[in-house]
Amino acid sequence: MDKNTINAAKSIPAFYAGQSIFLTGSTGFLGKVLIEKILRSCSDIKEIFILMRPKKELSLNERFEKMLNLPLYDKLREEQPSNLKKLVAVSGDTSQENLGLSAVDRQMLTERVTIIIHNAASVKFNDSLKYAILTNTRSTRDICILQLTESIKNLVVIYVSTAYAHLDNPFIEEKVYPPIADWRKLIKVAESLDEHTLNVFTDKCLNNIPNTYIFSKNLMESIIQEYSSSLLCAIVRPSMGT
Ligand SMILES: NC(=O)c1ccc[n+]([C@@H]2O[C@H](COP(=O)([O-])OP(=O)(O)OC[C@H]3O[C@@H](n4cnc5c(N)ncnc54)[C@H](OP(=O)(O)O)[C@@H]3O)[C@@H](O)[C@H]2O)c1
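Taken in order, the sequence shown gives residues 487 to 728; the numbers are from our numbering.
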């Protein structure tokens with residue numbers, strides 16, 4: 487077997503050994519903890535590229551430095567300081583097409599990354615439909631397209647959804663549910679209509695879905711389902727964690 491071939495039967499640290507991860511949502515609740523856990527427990531990981539954007543008057547580098555100094559990483563800093571050096575910040579914004587990646591970063595990621603964890607999302611229930619679809623749904627489509635790129639066809643992608651993406655079901659099974667709407671049409675609508683106009687149609691689009699967050703996550707799952715016949719991918723659906 488080729489040494490880069492991923493065998494799911496290996497232990498978790500063995501699975502991650504030598505792999506290069508691209509993680510979105512690295513600055514959030516789940517992302518920060520995931521980074522700590524992987525760097526501490528899977529110390530043979532090669533590198534983790536983390537998608538970040540400037541925020542609250544902090545540049546990307548300032549945010550990155552601030553994050554590295556969090557108490558969450560104290561143990562790593564003390565016991566495995568070299569592992570923190572495996573983190574590489576990449577500039578991007580999931581509300582932009584192709585995650586706002588520069589051509590140079592995109593090229594670098596396609597050459598080096600072996601696992602993508604698409605965890606970023608705007609988790610506000612009251613986002614405009616336009617913003618929720620562009621940030622949460624279109625970014626998922628763009629990662630699927632990236633994954634389809636010839637040069638990285640063995641890439642594994644883990645998409646972080648939510649246990650609440652299918653609220654009309656009393657039990658959520660480990661399966662993908664039928665789409666509630668046509669994700670292609672909705673991405674097109676979100677791209678072409680201005681925010682105000684789309685706000686007028688939001689209730690009609692949502693039908694019985696309680697908010698734009700759930701709606702955008704539900705659509706996200708149907709994109710993955712559609713691409714899954716040709717891609718190595720998985721959907722995880724966390725429940726409430728905060
Ligand atoms: N925590 C839970 O209980 C829970 C439950 C179910 C599902 N989930 C799912 O788990 C994932 C992580 O959730 P979380 O609780 O960690 O949320 P969070 O703390 O709000 O973090 C969200 C992450 O997404 C990033 N993000 C949001 N909009 C972005 C944009 N336009 N461009 C780039 N990055 C952007 C944020 O970056 P900034 O720091 O730059 O804003 C942050 O890193 C989400 O997909 C969420 O739907 C979470």
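Virtual Cβ for every residue (Gly too), placed ideally from N, Cα, C.
query                                                                                                                                                            : result
Hey, quick one: how far does the alpha helix (DSSP H) through S577 stretch, first residue to last?                                                               : That residue, S577, is in no alpha helix (DSSP H); its beta strand (DSSP E) goes L573 to S577.
What ranges does the beta strand (DSSP E) occupy inside the region 622-657, keeping only unbroken runs of at least 3 residues that lie completely in it?         : 642-646
CB V576 to CB F550, shorter than 7 Å?                                                                                                                            : no
Looking at C-beta atoms only, is the number of pairs between the region 690-703 and the region 610-621 that lie closer than 8 Å three or more?                   : yes
Please tell me whether S716 and I619 are closer than 7 Å, where the distance is taken between their beta carbons.                                                : no
Looking only at C-alpha atoms, which of E707, L595, R526 and R670 sits nearest to K561?                                                                          : R526
Along the alpha helix (DSSP H) that carries E660, what are the first and last residues, could you check?                                                         : From DSSP, E660 is part of no alpha helix (DSSP H); its letter is neither H nor E.
According to the neighbour-count rule (16 or more other Cβ atoms, all chains shown, within 10 Å of its Cβ), is D628 buried or exposed?                           : buried
Take every Cβ of the region 510-527, pair it with every Cβ of the region 591-608, and state whether three or more of those distances are shorter than 8 Å.       : yes
Nearest to E583 by CA position, among K518, I631 and Y650, is which residue?                                                                                     : I631
Going by DSSP, name the residue or residues bridged to K674.                                                                                                     : Paired residues: none, contrary to the question.
Sorted by chain position, which residues of the same chain lie with C-beta nearer than 8 Å to K489's C-beta, five sequence neighbours on each side aside?        : With a pLDDT of 48 at K489, under the threshold of 50, the predicted position of this residue should be treated as unreliable, though the coordinate-derived value follows. G504, listed in sequence order.
Confirm the yes/no value for this check: CB of T698, any heavy atom of ligand 1, distance under 6 Å.                                                             : no
Along the chain, which unbroken stretches of the alpha helix (DSSP H) at least 4 residues long are found entirely within the region 504-573?                     : 515-527, 546-554, 560-565 and 567-570
Which value, in whole angstroms, describes the spacing of the CA atoms of N547 and I721?                                                                         : 31 Å
Can you find the residues in the same chain that come closer than 7 Å, C-beta to C-beta, to N622, ignoring five residues on each side of it along the sequence?  : A607, S608, S702, K703 and M706
Please confirm whether R624 and I673 have their CB atoms less than 7 Å apart.                                                                                    : yes
Quick check on the burial criterion: 16 or more other C-beta atoms within 10 angstroms. Buried or exposed for Q633?                                              : buried
Output needed for R563: all residues of its chain with C-beta closer than 7 Å, excluding positions within five of it in sequence on either side, in chain order. : L570
In three-state terms, what does DSSP make of L718?                                                                                                               : strand
Where L595 and E533 are concerned, what is the direct C-alpha to C-alpha distance, given to the nearest angstrom?                                                : 11 Å
Between which two residues does the alpha helix (DSSP H) harbouring I709 extend?                                                                                 : T698 to Y713
Buried or exposed: where does A649 fall if 16 or more other Cβ atoms within 10 Å of its Cβ makes it buried?                                                      : exposed
What does the alpha-carbon distance come out to for the pair L573 and S714?                                                                                      : 29 Å
If you count every other CB in all the chains shown that lies within 10 Å of the CB of H652, and 16 or more means buried, which is it?                           : buried
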